[in-house]
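Worksheet: the structure to be examined is printed underneath.
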Amino acid sequence: MALCRHIISVCVARGVELADLSVWPDRIAAAATTDAPPCIAACMRGNLSCADAHAAAALWKVTRLQSCVEEPGDVEFGHEGVCAFRFLVDYLVDSTWSHVYFAHGDITRSKHRRSYSALQALVARRQWPEWPEETRRVDGSVLAANFNQATFGPVDFWHPAINWWLSTFIQYRGDMAMAAASWERAAPPRHVSWPLHNGTLRFPISFLFQVDRVTALRRSTRFYRAQYLLCKRGVRVLPASAGGRLRPHQGTPGRENAFTFTPLAWGHVNERLPLFLFGRDFVERPFADCLLDETVRHFNMNCSSAAPLMAREQQKASRSMPPLWTPEPTACPPMDDRCGQTGR
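If you read the sequence shown in our numbering, its first letter stands for residue 67, the second for the next number, and so on.
Quick look at the structure:
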């Protein structure tokens, strides 16, 4: 394993991406302003192997291959999240790296041109940035990402899954923790996580961004192992009113039906979570061991500690909770059941 301070962890899933891998790492390395350009941590998907990664690396003149792992299965068994969390599970305790950038094998393609440009600009910096203590200050410059900000509320297609994830895995640290806990105890099920997102989702497009190891160490290997498995197996989201058995990709935006997020579909949820996954405002919430069970086909939200929150009767919950801080002008207000941006 090559010793590198800066790592590009890349998920390679198709033959065309393997062909690209033989070229673009050296192009990225050419932008480096230090004597130590970033190394590549390859994660080979589908039928691709580490032998393929080493063959591509043999064509590099400058870049080094830090490591390689194989994650069999195509995108139906997860995509970039599987590779990103596999890197963190394997190397979180390894002190030889300081920053990692999570990349797709097709990052040089036109649909990711802004992200690729941001990566080139990042590599050209003498020092890669650390995340600030306040998550609200994390932006595209810190992440080296094509950054998105959107109104977020109960009518959003992804809201039930994100609401469950936030209520299962993270909570505020410090002075905000008590106020957020009071909100959680009193709010209706759809709104228990509102203080965490504040009516707005901010995230790097397509899970293409960088994070420093100091920030990543705010979470445990167990936490990243659970995220790895969620991305690999998918999640069945079962709100209190759910009674039907729906196939993947069925469900009505704005209605809390039962819904199975396959690994492919869960990837779209995971893409919207980076600021919560790593944000320094948050700490891990204790979560159930059943979310680490590798024998299940899909994980089930009912095994988690958040399930009672989701099942609480609406009429017993308060609808007059104030916001914990001033939301963005375009944010969904607290307790607004009609707010959000519907869509996939």
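By construction, the Cβ of each residue, glycine as well, lies at the ideal position given by its N, Cα and C atoms.
Nothing here was measured: the structure is a model prediction, and the numbers come from that model.
Could you tell me whether the Cβ atoms of Ile94 and Gln186 are closer together than 8 Å?
yes
What residues are listed by DSSP as bridge partners for His170?
Cys77
contact_flag[the region 230-241, the region 192-207] where n(CB pairs < 8 Å) is 3 or more:
The answer is no - the region 192-207 does not touch the region 230-241, with fewer than three Cβ pairs under 8 Å.
Kindly say whether Leu357, judged by its beta-carbon, lies nearer than 8 Å to any beta-carbon of chain B.
In the displayed structure, chain B is absent; only one protein chain is listed.
Check whether the Cβ atoms of Glu200 and Asp347 sit closer than 8 Å, and answer yes or no.
yes
Can you give me the Cβ contacts of Leu154 inside the same chain, cut-off strictly under 7 Å, excluding the 5 residues immediately before and after it?
Ala282 and Tyr290
In the DSSP assignment, find the beta strand (DSSP E) that holds Cys414 and state where it starts and stops.
In the structure as shown, the chain starts at 67 and stops at 410, and residue 414 therefore has no counterpart that could be examined.
Between Cys109 and Glu137, which are expected to be in contact by the criterion C-beta below 8 Å, what is the C-beta distance as a whole number of angstroms?
6 Å
In chain order, what residues of the same chain have a beta carbon less than 8 Å from the beta carbon of Leu339, not counting five sequence neighbours either side?
Ile228, Trp231 and Phe269
Hey, Gly147 and Gln293 are a contact pair by Cβ (cut 8 Å); roughly how many whole angstroms apart?
7 Å
Could you check if Phe223 belongs to the surroundings of the ligand SAM, using beta carbon to heavy atom distance under 7 Å?
Judged by which ligands are present, the structure shown has none, so any question about the ligand SAM falls away.
Would DSSP call Glu146 helix, strand or coil?
helix
Can you name the start and end residues of the beta strand (DSSP E) that Pro13 belongs to?
Beyond the ends of the chain as shown, which are 67 and 410, falls residue 13; an answer cannot be given.
Nearest neighbour of Pro254, chosen from Ala119, Trp126, Pro400 and Asp101 [CA to CA]:
Pro400
Report yes if the C-beta distance between His364 and Val301 is below 8 Å; otherwise report no.
In contact: His364 and Val301 (Cβ atoms closer than 8 Å).
Taking the runs of the alpha helix (DSSP H) that are 4 residues or longer, which of them lie wholly in the region 82-129?
Assignment of alpha helix (DSSP H) within the region 82-129, counting only whole runs of 4 or more residues, yields 90-95 and 116-123 in chain order.
Just tell me which of Ala190, Phe353, Asp278 and Ala331 has its CA closest to the CA of Ser75.
Asp278
Collapsed DSSP secondary structure at Gln237 in the structure displayed
strand
Let me know the secondary structure DSSP gives Asn368 once reduced to three states.
helix
Rounded straight-line distance, which links the Cα of Phe223 to that of His263
16 Å
What residues are listed by DSSP as bridge partners for Thr326?
Arg302
Using the C-alpha atoms, what's the distance from Ala245 back to Gly265?
17 Å
DSSP puts Thr217 in a beta bridge; with which residues?
Answer is Thr266, bridged to Thr217.
Could you tell me if Asp359 is buried or exposed, where buried requires 16 or more neighbouring beta carbons within 10 angstroms of its beta carbon?
With fewer than 16 neighbouring CB atoms inside 10 Å of its own CB, Asp359 falls in the exposed class.
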